[in-house]
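>
Number of protein chains: 2
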Amino acid sequence: MPNLDAAFSALADPTRRAILARLALGEATVMELAKPFEITQPAISRHLKVLEGAGLIVRRVEGTKRPCRLAPKAVAEIDQWLGMLRQTLTANYNRLDDVLAEMKTKE
Amino acid sequence: MPNLDAAFSALADPTRRAILARLALGEATVMELAKPFEITQPAISRHLKVLEGAGLIVRRVEGTKRPCRLAPKAVAEIDQWLGMLRQTLTANYNRLDDVLAEMKTKE
DNA sequence: CGGTTATATAACAATATCGTTATATAAATC
DNA sequence: GATTTATATAACGATATTGTTATATAACCG
Chain A
341 MPNLDAAFSA
351 LADPTRRAIL
361 ARLALGEATV
371 MELAKPFEIT
381 QPAISRHLKV
391 LEGAGLIVRR
401 VEGTKRPCRL
411 APKAVAEIDQ
421 WLGMLRQTLT
431 ANYNRLDDVL
441 AEMKTKE
Chain B
341 MPNLDAAFSA
351 LADPTRRAIL
361 ARLALGEATV
371 MELAKPFEIT
381 QPAISRHLKV
391 LEGAGLIVRR
401 VEGTKRPCRL
411 APKAVAEIDQ
421 WLGMLRQTLT
431 ANYNRLDDVL
441 AEMKTKE
């Protein structure tokens, strides 16, 4: 069972999305991830903790460093949830719905 | 330019996700949406305001009622952003990454 | 018109979030 | 062994979020 609350909540922050975007290019250490931002290192550490807690990233220990990488599983789970809405988007009855709404408006 | 902050933030709440799930089945009024929940009507009204602010739903006026429906556009935009991560998930270099990580661990 | 129904808004308390600075820890290096 | 580097944690203030109750508004109904 994924924690969608935590996952979406984690994605709601632009700094965290930028971190994920960076990690999409491959593994990176905390300092590497912090560099592009103007916020302090502790702030980044906490963002990473949030991302880890949401299952969006995983970390390993390598000496003093803690390289981070994307966790495919969590992203897949978010994707799965969105799939439900996506289905509605593309379904025909959605267009029908639009038409009906249009008709009612004109009444 | 979509507001991903607002969109993901809106999705972070389970009540709001449930509302969206309900709307995926078709239009519904505020009262209809409120029924399954134990929270009060004003709370639902505010959740809807959040969803509307995030562009995830649209509302029309029909007498006293304000029927809500999913807004395809916002969902598509979220989807698009996630696409970036999805790509990483399925890409082969991700597996390569795993292998490299494995090697480093064993060193 | 008067009462009910559908919804919104304001005010408020409880809790969460985000950034900062200061400090801790542990590995790396000189 | 002392210093530097990489990262984490604690404490704190500012702001945001969520729910509640009370109340407003406007359409509907008899």
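As you go down the protein sequences, you meet chains A and B in turn.
So for the first sequence, the numbering used here puts the first residue at 341; every next one is plus one.
So for the second sequence, the numbering used here puts the first residue at 341; every next one is plus one.
Yeah, the Cβ is synthetic: ideal placement off N, Cα and C, and Gly gets one too.
1. So, using beta-carbon positions, are D345 of chain A and A352 of chain B closer together than 7 Å?
2. If the criterion is Cβ atoms closer than 7 Å, does the pair G393 of chain A and A414 of chain A meet it?
3. Is the shortest distance between the beta-carbon of L410 of chain B and the beta-carbons of chain A less than 7 Å?
4. Between which two residues does the alpha helix (DSSP H) harbouring R362 of chain B extend?
5. Could you spell out the range, first to last residue, of the alpha helix (DSSP H) harbouring V390 of chain A?
6. If I follow the unbroken beta strand (DSSP E) through L410 of chain A, where does it start and stop?
7. What in chain B is Cβ-close to M424 of chain A, meaning under 9 Å?
8. Is any beta-carbon of chain B found at less than 7 Å from that of Q420 of chain A?
9. So which residues on chain B does A416 of chain A lean against when the C-beta distance must stay under 9 Å?
10. Would you say L373 of chain B lies against chain A (beta-carbon separation less than 7 Å)?
11. Do I359 of chain B and A374 of chain B come within 7 Å of each other at the CB atom, strictly closer than that value?
12. With a CB to CB cut of under 6 Å and the five nearest residues on each side skipped, what residues in its chain are close to K405 of chain B?
13. P407 of chain A: buried (16+ other C-beta within 10 angstroms of its C-beta) or exposed?
14. Here's a check: name, in chain order, each residue in its chain whose Cβ is nearer than 7 Å to the Cβ of M424 of chain A, leaving out the five neighbours to either side.
15. I need the straight-line Cα distance from E447 of chain A to R400 of chain B, nearest angstrom please.
According to the structure data:
1. One thing to note: D345 of chain A has its Cβ within 7 Å of the Cβ of A352 of chain B.
2. no
3. yes
4. P354 to L363
5. Segment Q381 to G393, the alpha helix (DSSP H) holding V390 of chain A.
6. C408 to L410
7. L360, A361 and A364
8. Chain B contact via Cβ: absent.
9. R426 and L429
10. L373 of chain B does not count as touching chain A.
11. no
12. T369
13. buried
14. none
15. With a pLDDT of only 42 at E447 of chain A, under the threshold of 50, the placement of this residue in the model should not be trusted; the figure read from the coordinates follows. The alpha-carbon atoms of E447 of chain A and R400 of chain B are separated by roughly 13 Å.
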